[in-house]
Structures are given as C-alpha cells and as structure tokens.
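Q: Got a structure for you, questions after.
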Amino acid sequence: KAGVTQTPRYLIKTRGQQVTLSCSPISGHRSVSWYQQTPGQGLQFLFEYFSETQRNKGNFPGRFSGRQFSNSRSEMNVSTLELGDSALYLCASSYGTGYSPLHFGNGTRLTVT
Amino acid sequence: AQKITQTQPGMFVQEKEAVTLDCTYDTSDQSYGLFWYKQPSSGEMIFLIYQGSYDEQNATEGRYSLNFQKARKSANLVISASQLGDSAMYFCAMREGKSTGGGADGLTFGKGTHLIIQP
C-alpha cells in the first residue's frame, strides 16, 4: 500500500506570496490532518478533515486554510506568506478520527525569503 | 502548562543496550490516547506505538514497549536491544478525548528526544 504522498517536497517563496501544498492519503483513509514543524515551536496542529469537512482547527491565523476533496486528497493554502511561515509542513492520514494512529508523509519544506 | 513533557533533549546509548525515553503528560480528560513517533533525519514521522487511557496492559510492538503509569501520568517508551538505525528524534504525543467530538486540537506533541545510538 502506498504511503502518504506530499507534493512538492521543497518550496521557496517570497514574503507576501501564497502557496498551496498537496497531500494524498493512504488508500482507504478518510481523515487528513496537517501539522507545522519549526525548530522553535516544535510540532503544531493546523487542521483536520474528515469526509470533506473540517473537524478541528489549531491556533493559526486565517491565512492558513485547507480543504479536502471527495477522494480524500487534501490541500492546504497559506496566503500572504511571512518569514515565520518557513517550516516543515507534515500531512497525516488515518482511517478514522479519534485515536486512530496518524501516518505521516515526508513533508513539504517551505522556505520564505 | 506543557501538556506533553519530554525531559531528555538528547541521549547517547551504546548499541544493543535498552533505552527508556521519558514522557509525562497533563490532561483532565478520562479518555485519551498516547502515541510515540520516530522522526529520522529524512523528516518522515513514523508511528511506533499507541496506548489508550483505558488499556490495562502496557502496549508492545516488537522491540518497542510503552511503560504506562496512569497515576503518575507517565508514558515512557522502552526500546529493547537498540540498533544503529534507532538513531532519530522521538516524539511523545497525546490526543485528548474532547478531540473525538471535534473542535479541539488534534495531536499535542512534546519537544522530542534526540536519540543517538553509538556502535
């Protein structure tokens, strides 16, 4: 079974631009969640989707948004990029919500200059 | 207050020795799940083991076991017979019961322990 696939692996953007990251979950998994990882703040929860509905959202500004499609694939968008948005963005999928273990992708490394 | 505390920023261990990585947590929920993840330098987070708050037995998965002490709010990861490939960052994480109902915070991670296995 293929794992969680995130594209692209690396991105370099300029302040003020916007970016879209993509995530394909493991086949059969209906829940997708996103996490931001930085050296200073560690791993922080962004949002979780299940069956195209956002179920949970972390404490991030409205510039961070996401969506899930009917095939469970997900995208997250960051608008008006700031230097502090430079991070590893990890997508994870699980069969359900609750205590189902999350299976993570390799991440997208975003650098904002 | 930190919800997940990992007190060992880094550890050096000799190959083949057993390793215990510490994790304490803070929650007022009765229902919660505890997870351990491994993150090699490649960046991918690898799920290792899960313990539910109502599980009476400690979880085990191959060389990994979780020493769950509910009264002390402790969920230490034990790796038996360490191998060079175990060198990585290890994260303890918790999902609280209120998350299952929506509107909460997903997984809360600790700051991690950087484990280095020496030959």
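From first to last, the protein sequence lines stand for chains U and R.
Going left to right, the first sequence walks through residues 28 to 140 as the numbering used here numbers them.
Going left to right, the second sequence walks through residues 15 to 133 as the numbering used here numbers them.
All C-beta atoms, glycine included, are put in the ideal place defined by N, C-alpha and C.
Small disclaimer: the values here were computed from a predicted structure and weren't measured.
(1) Can a CB atom of chain U be found closer than 7 angstroms to the CB of residue 31 of chain R?
(2) State yes or no: is the beta carbon of residue 59 of chain R nearer than 7 angstroms to at least one beta carbon in chain U?
(3) Among the candidates U/56, U/62 and U/133, whose CA atom is the shortest distance from the CA of residue 124 of chain U?
(4) Using a Cβ-Cβ cut-off of less than 7 angstroms, list which residues of the stretch 54-74 of chain U approach chain R; keep chain order.
(5) Just verifying my parser: in three-state terms, what is the DSSP assignment at residue 40 of chain U?
(6) Would residue 41 of chain U pass as a contact of residue 107 of chain U if the rule is Cβ separation under 7 angstroms?
(7) Find the residues of chain U that neighbour residue 64 of chain R, judging by a C-beta separation of less than 8 angstroms, and give them in chain order.
(8) Am I right that residue 100 of chain R and residue 129 of chain R are in contact with their C-beta atoms under 8 angstroms? What's the rounded C-beta distance?
(9) Where DSSP assigns a beta bridge to residue 84 of chain U, which residues make up the other side?
(10) With a threshold of 7 angstroms on Cβ separation, who are the neighbours of residue 133 of chain R within its own chain once the five nearest residues in sequence on each side are excluded?
(11) Between residue 100 of chain U and the rest of its own chain, which residues show a CB-CB distance below 6 angstroms, the 5 nearest in sequence each way excluded?
(12) Considering only the alpha carbon of each residue, which of R/102, R/40 and R/37 lies closest to residue 26 of chain R?
(13) Looking at the structure shown, is residue 23 of chain R part of a helix, part of a strand, or coil, going by DSSP?
(14) To the nearest angstrom, report how far apart residue 92 of chain U and residue 95 of chain R are at their CA atoms.
(15) For residue 37 of chain U, count the other beta carbons within 10 Å of its own beta carbon; 16 or more makes it buried, fewer makes it exposed. Which is it?
(16) Let me see if you follow: with CB-CB separation under 7 angstroms, is residue 47 of chain R close to chain U or not?
(17) What do you reckon, are the CB atoms on residue 84 of chain U and residue 77 of chain U nearer than 7 angstroms?
(18) Need the endpoints of the beta strand (DSSP E) that residue 53 of chain R sits in, please.
(19) Measuring straight from C-alpha to C-alpha, what distance separates residue 43 of chain U and residue 88 of chain U?
A: So, to answer that:
(1) By this cut-off, residue 31 of chain R is not an interface position.
(2) At a cut-off of 7 angstroms, the C-beta of residue 59 of chain R has a neighbouring C-beta in chain U.
(3) Of the candidates U/56, U/62 and U/133, the one whose C-alpha sits nearest the C-alpha of residue 124 of chain U is U/56.
(4) Against chain R - using a Cβ distance shorter than 7 angstroms - the residues of the stretch 54-74 of chain U are 60, 69, 70 and 72.
(5) DSSP, read as helix, strand or coil, puts residue 40 of chain U in strand.
(6) No; because the gap between Cβ atoms is not below 7 angstroms, this pair is not in contact.
(7) The answer, in chain order, is 126 and 128.
(8) Taking 8 angstroms as the upper bound for CB-CB distance, residue 100 of chain R and residue 129 of chain R are in contact here, some 6 angstroms apart.
(9) For residue 84 of chain U, which the question treats as bridged, DSSP gives the partners U/74.
(10) So the qualifying residues of the chain are 29 and 98.
(11) If we look at residue 100 of chain U and ignore the five residues flanking it on each side, its Cβ neighbours are 51.
(12) That would be R/102, whose Cα lies nearest to the Cα of residue 26 of chain R.
(13) Collapsing the DSSP output to three states places residue 23 of chain R in coil.
(14) Straight-line Cα distance between these residues: approximately 44 angstroms.
(15) Exposed, by the Cβ-count rule.
(16) Yes, its Cβ sits closer than 7 angstroms to a Cβ of chain U.
(17) No, these two residues do not count as a Cβ contact at 7 angstroms.
(18) 46-53 is the span of the beta strand (DSSP E), which, as asked, contains residue 53 of chain R.
(19) Between the alpha carbons of residue 43 of chain U and residue 88 of chain U lies a distance of about 15 angstroms.
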